[in-house]
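Asks: Throughout, my numbering is defined as the position within the sequence shown, counted from one, plus 660.
I am attaching a structure below and will ask some questions about it afterwards.
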Amino acid sequence: MLGRIFTVGGYTLLSRVTGLARDIMLAAILGAGPLADAFLVAWRLPNNFRAIFAEGAFNTAFIPAYAHVQGKGGETSARLFADRIFTLLFFSQLVLLVAAWLFMPQALRILAPGFTDDAEQRRLAIDLTRITFPYLLLITLVTLYGGMLNVMHRFASAAAASIFLNISMMATLALAAFFPTAGHAAAWGVLISGFLQYFLLAGDLARHGSLPRFAPLRLDEDVRAFFRAIGPATLGSMGTQVAVFADTIIATFLPAGALSALYYSERLYQLPIGVIGIAIGTVLLPEMSRRITVGDDAGAAAAQRRAFEFTLLATVPFVAAFLTVPDVIVRAVFARGAYTRADAAAAATTLAAYAIGLIPFVTIRSAVSAFYARKNTATPVKAALTGLTVNVLLKVLLMGSLAQVGLALATAVGAWINLLLVLFFSVRAGYLDLDRAWIKSLAKFALIGIVLGAVFWLTAHFATPYFAQLTRFRDETTLLLLMAVGSFAYGFSVLVLFGRGWLFSLMRG
């Protein structure tokens, strides 16, 4: 399992690195003003729909169902099932696309109401969203194909697909002079990437003779079971994405640049979520589904526990860094071109607020896999909706005094409530055993995080005077020093508290 995690994580890391390069270009060219906010609204809308209905709800319902049909009826039954789901997805997304094109002005009044005071910004947001929205149809099909490939234990192309998004946007941004605005260039880059991602995964499936085709719709037991699962899964996936929608809506009422601060801080904390959390969750769900199908509940529980430990091992350094030196990180990565140090300061405080919830952000996909692998998509919904309710209420309470930082803090608190409730339900159902050894392991990770955070803060504090005379690359040099010192301190702490035996056993698992 770990080898497959490294495959997905490696491609995802490459995707995140190219995504970071894309965002550096985006910040330098668009800055953090009205044009950037208009594009980010146009980008968030199809992206959030994708996360709710495609990657979120669809994967959690489709992968266990497809694995079950394949194990029960063989390749022929699985292919027919995939054909029917493909047909339903294609036409439902086509209807949504046509409706979005026709009613985009009305949709923007609801989803970005703060833009109504600026007619030019609102018109620009409508134009850009009409360009980006077809991306949703393409990426939904990409998600279907990726789910089928994951069940086949073929993870590479699905993990690598988003690299095309970054390359495509960087290419169009480099040619921004040939577009009406840089926002138009970025929007066309999003759409072009949808076609590139589609052809990559369609080609991979076609090589294995599994590319879905249009099929007559028939609500047999397998399709009905899929729909029984996808309803609760949609509600569960809506938790985080409704919170993001709420951020977008509320931020349109905040001063210009609030949406940009949210976006660029989100891009940084999404790095460990994408590389670690999504990679592990992508591999863990089909692994647990396979084990549970053959009655190996103990093996499924052991796989989930290894996933939790590996997730924490890889995430703790990010939490420590984002909480203690977010200003250095944001300035080193984004503060150039049209993106000023003041813009970076706003994003840095937002990043620190998001970092409070980074552990639940990264581990939630592993936590809910115990339910989704058993085709129980209803139980995680209770946790997700409770977290969402607290999240939205806190956003309303904190937006006035803390602006976008309050929105990020509310998201972090809601994420913790979601995770803790999922763990409670898992323990109660007997899916997870929080024994003494597991609690001791969590305490060690917490201690390592505190030590590492102190190392980061002290290093930045004492290094700043020495680098003050540098006229260029001051923050970049500080960040490199922090990475070097932090890597040594973290490795030493892990070896002292856990020992080489634990580390080798985790890697072998």
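Backbone N, C-alpha and C define an ideal beta-carbon position, used for all residues, glycine too.
Identify every run of the alpha helix (DSSP H) within the stretch 988 to 1021, keeping only runs that are complete inside it and at least 4 residues long; order them along the chain.
Replies: Those alpha helix (DSSP H) runs which fall completely within the stretch 988 to 1021 and span 4+ residues are 1001 to 1015.
Asks: Would you please state the rounded distance, in angstroms, between the beta carbons of L757 and F793? I believe it to be under 8 Å.
Replies: With 8 Å as the limit, L757 and F793 qualify as a contact, their Cβ atoms being about 6 Å apart.
Asks: Can at least three beta-carbon pairs, one atom from the stretch 824 to 835 and one from the stretch 780 to 791, be found at a separation below 8 Å?
Replies: With a cut-off of 8 Å, the stretch 780 to 791 and the stretch 824 to 835 do not count as touching, because too few Cβ pairs lie within range.
Asks: Quick check: what's the CA-CA separation for L1139 versus T1071?
Replies: Those two C-alpha atoms are separated by around 27 Å.
Asks: Of the residues D1093, F1031, L700, A921, which one's Cα is nearest the Cα of L1062?
Replies: Nearest option by C-alpha distance: A921.
Asks: So, at 8 Å on beta carbons, what are the nonlocal neighbours of A1120 in its own chain, with the 5 sequence-adjacent residues on each side left out?
Replies: Same-chain partners within the cutoff: T984, V985, V988, T1138, L1142.
Asks: Could you have a look at G843 and say whether DSSP puts it in helix, strand or coil?
Replies: It is helical.
Asks: Give the straight-line distance between the Cα atoms of A1075 and K1104, rounded to the nearest whole angstrom.
Replies: So the two alpha carbons sit approximately 22 Å from each other.
Asks: Within 10 Å of its beta-carbon, does F978 have 16 or more other beta-carbons around it, so buried, or fewer, so exposed?
Replies: The residue is buried, with at least 16 neighbouring Cβ atoms inside 10 Å.
Asks: Are the beta-carbon atoms of L801 and Y858 separated by less than 8 Å?
Replies: Going by C-beta atoms, L801 is nearer than 8 Å to Y858.
Asks: Taking just the CA atoms, how far does F838 sit from I1019?
Replies: Cα to Cα, I1019 sits roughly 43 Å from F838.
Asks: Rounded to the nearest angstrom, how far is the Cβ of K925 from that of A1068, given a contact under 8 Å?
Replies: It is Ser, not Lys, that sits at residue 925 in the sequence shown. S925 to A1068, Cβ: 7 Å. Contact.
Asks: Taking DSSP as the reference, what is the three-state secondary structure of A873?
Replies: Reading off the sequence shown, one finds Arg at residue 873, where the question assumed Ala. Three-state DSSP puts R873 in coil, outside helix and strand.
Asks: Could you pull the start and end residues of the alpha helix (DSSP H) that Y1091 belongs to?
Replies: Unbroken run through Y1091: none, as it is neither H nor E.
Asks: Examine the Cβ distances between the stretch 744 to 751 and the stretch 762 to 774 and report whether three or more of them are shorter than 8 Å.
Replies: Short answer: they don't touch.
Asks: DSSP state of D778, grouped into three classes?
Replies: DSSP places D778 in coil when its eight states are reduced to three.
Asks: Indicate whether the contact test is met: 3 or more Cβ pairs, each with one atom in the stretch 1002 to 1016 and one in the stretch 906 to 921, closer than 8 Å.
Replies: With the cut-off at 8 Å, the stretch 1002 to 1016 and the stretch 906 to 921 touch.
Asks: Let me know the secondary structure DSSP gives M812 once reduced to three states.
Replies: Reduced to three states, the DSSP call for M812 is coil.
Asks: Using three-state DSSP, classify V985 as helix, strand or coil.
Replies: In the structure shown, V985 sits in coil (DSSP, three-state: anything other than H, G, I, E or B).
Asks: Which two residues bound the contiguous alpha helix (DSSP H) that contains N826?
Replies: N826 -> alpha helix (DSSP H) spans 822 to 834.
Asks: S752: buried (16+ other C-beta within 10 angstroms of its C-beta) or exposed?
Replies: Classification of S752: exposed, given that the 10 Å Cβ count is below 16.
Asks: Does DSSP put F1185 in a helix, in a strand, or in coil?
Replies: Because residue 1185 is not part of the residues shown, which for the chain are 661 to 1169, the question remains open.
Asks: Where does R744 sit, in a helix, a strand or coil, going by DSSP?
Replies: The answer is helix: DSSP assigns R744 an H, G or I state.
Asks: Are the CB atoms of A842 and L680 nearer to each other than 8 Å?
Replies: No, Cβ-Cβ distance for A842 and L680 is not below 8 Å.
Asks: Would the beta-carbon of I799 fall within 8 Å of that of L851?
Replies: Taking 8 Å as the Cβ cut-off, I799 and L851 do not qualify as a contacting pair.
Asks: Would you tell me roughly how many angstroms separate the C-alpha atoms of L1155 and L1080, rounded to the nearest one?
Replies: The straight-line gap from Cα to Cα measures roughly 28 Å.
Asks: Let me know if H844 comes out buried or exposed under the rule of 16 or more other beta-carbons within 10 Å of its beta-carbon.
Replies: Answer is buried; the Cβ neighbour count reaches 16.
Asks: Am I right that I1016 and T975 are in contact with their C-beta atoms under 8 Å? What's the rounded C-beta distance?
Replies: So it is not a contact: roughly 13 Å between Cβ atoms.
Asks: Our contact map puts F994 next to A687 with C-beta atoms below 8 Å; I'd like the distance itself, whole angstroms only.
Replies: The pair is a contact, with the Cβ atoms about 5 Å apart (cut-off 8 Å).
Asks: Excluding the five sequence neighbours on either side, which residues of its own chain have a C-beta within less than 8 Å of the C-beta of T1046, listed in chain order?
Replies: Only I1077, N1078, L1081 meet the Cβ criterion.
Asks: With distances taken Cα to Cα, identify the nearest neighbour of V755 among A702, D778, A1106, L797.
Replies: Ranking A702, D778, A1106, L797 by Cα distance to V755 puts L797 first.
Asks: Alpha carbon to alpha carbon, how far is G1151 from I1108? Give it in angstroms, no decimals.
Replies: Rounded to the nearest angstrom, the two C-alpha atoms are 10 Å apart.
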